[in-house]
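What follows is a set of notes on a single structure, which appears directly below.
Residue numbers (my numbering): 38 to 272.
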């Protein structure tokens, strides 16, 4: 398999997981609604006819969160899972947004266009292997116009901090609301450390700066979900 800047385990989202994705994540709706509300504020200064790149778009929630608020905005949205893109395409067609949305089955480095006014990457980066994250963030950076916005949210935790055990218990409560069983809850810390290779907020911010972004601004936190925004530094 060719390795991309956004490499994730093959088949992570199969058809069964894709079909259940929105239902499983419905327990996170209050969190995602708050996140999308703040993202709209962060992007309020975009030009009316702005172009936005959505990385790891899943079933399209990020598009719908912005499309009504920014009626002239257009989107290029990528996801490596064909099953996710299939659902996103169906939802885009049902919302009559096909003329504003281009869907790409692939990774961010499969997106040929550049010069985007903004890029969104929501609840994706923690699926990217740690060693691949510098290239992942750089690929997003290189597709933005100078001064363009990058907005991202991911699961993030400092495992060595004194508050981590309490944060882990809070995160387990979130997963209980999403229907997790006790076996998966018992394995949650191992999942964070191994399967997802979660990194600390400080490490994420350092990776952004290394990729060429200005100082990241933390603008959102809900349990272990952290959000930042930054601009591509003018060349």
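Using N, Cα and C, we set each Cβ at its ideal position, and we do this for glycine too.
Residue range 254 to 259 is occupied by the beta strand (DSSP E) that includes residue 259.
Per DSSP, the beta bridge partners of residue 262 are 192, 259. For residue 70, the enclosing alpha helix (DSSP H) covers residues 66 to 79. For residue 95, the number of other beta carbons within 10 angstroms of its own is at least 16, and it is reported as buried. For residue 236, there is no enclosing alpha helix (DSSP H), as DSSP marks it with neither H nor E. Taking the Cα of residue 97 as reference, the smallest distance to any Cα among 158, 208, 146, 67 is reached at 158.
With respect to the 9 Å criterion, residue 175 and residue 236 are not classified as neighbours on the basis of their beta carbons. Ranked by Cα distance from residue 117, the first of 191, 110, 145 is 145. The bridge partners DSSP lists for residue 145 come to none.
Annotated as proximal: residue 181 and residue 90, with beta-carbon spacing under 9 Å. Put simply, the backbone Cα of residue 217 is about 13 Å away from that of residue 65. In the three-state reduction of the DSSP assignment, residue 271 falls in the coil class, being assigned neither a helical nor a strand state.
The stretch 182 to 190 makes no contact with the stretch 118 to 127; the number of CB pairs closer than 8 Å stays below 3.
Residue environment for residue 254: exposed (fewer than 16 other C-beta atoms within 10 angstroms of its C-beta).
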